[in-house]
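Numbering (my numbering), first residue to last: 281 to 447.
Given below as structure tokens:
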């Protein structure tokens, strides 16, 4: 099986784009959605490009952390962040938010979560791939499949919360 470097999943949410954006654009809330992330540490309140945070993750009994930096924060449209470990690039995670309904009384939004593996070639890629396997138990070749499954769970949780929030 050939390694996947980019994965994305989408869901339609019965809520407006601003509500959906608010759910995904605050790293402090990510633990509500993600099956892996259980805590974040962030300095300050404002979330904007350049904001840095630490994500604490878990799969089974394995626990690890990553450092992250917000790269895109466009209300109602997109949110993304770059992930690194020990200063070496690992991945980009992000969300695209698209209003797909013209009726303000029945808003619908397509939410797409995406991940891009940045561990391509070179010594740091080999080191971060090895560290990834050691800390998470997931070999680099399986990371895309694990992320795809995690994304589906994450998107379902976000959709449920956003839809309940608009009622």
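Just so it is clear, CB atoms sit at the ideal spot from N, CA and C, and this is done for glycine as well.
All values reported here derive from a predicted model rather than from experimental measurement.
Please state the DSSP three-state secondary structure of residue i.
i, result
"residue 447", "Since pLDDT at residue 447 reaches only 48, below the 50 mark, its modelled position is unreliable, and the value read off the structure follows with that caveat. Looking at residue 447 - three-state DSSP - the assignment turns out to be coil, as it is neither helix nor strand."
"residue 435", "helix"
"residue 285", "coil"
"residue 302", "helix"
"residue 307", "helix"
"residue 332", "strand"
"residue 295", "coil"
"residue 390", "strand"
"residue 290", "strand"
"residue 429", "helix"
"residue 422", "helix"
Check whether the Cβ atoms of residue i and residue j sit closer than 9 Å, and answer yes or no.
i, j, result
"residue 294", "residue 439", "yes"
"residue 301", "residue 374", "no"
"residue 393", "residue 304", "yes"
"residue 307", "residue 361", "yes"
"residue 407", "residue 368", "yes"
"residue 399", "residue 371", "yes"
Taking residue i as part of the beta strand (DSSP E), name the residues at either end of that continuous run.
i, result
"residue 360", "358 to 365"
"residue 353", "342 to 354"
"residue 322", "317 to 322"
"residue 376", "368 to 379"
Of all the options the options, which has the alpha carbon lying nearest to the alpha carbon of residue i?
i, options, result
"residue 284", "441, 413, 396", "396"
"residue 387", "296, 401, 413, 363", "296"
"residue 298", "322, 347, 354", "354"
"residue 328", "319, 358, 389", "358"
"residue 347", "380, 384, 442, 317", "317"
"residue 291", "444, 376, 422, 421", "376"
Query raised in the report: Just checking, does the region 303 to 316 make contact with the region 427 to 437 on the three C-beta pairs under 8 Å criterion?
Result: Per the Cβ contact rule, the region 303 to 316 is in contact with the region 427 to 437 (3 or more Cβ pairs under 8 Å).
Query raised in the report: Between the region 417 to 432 and the region 331 to 343, do at least 3 Cβ pairs fall closer than 8 Å?
Result: They touch, by the three-pair rule.
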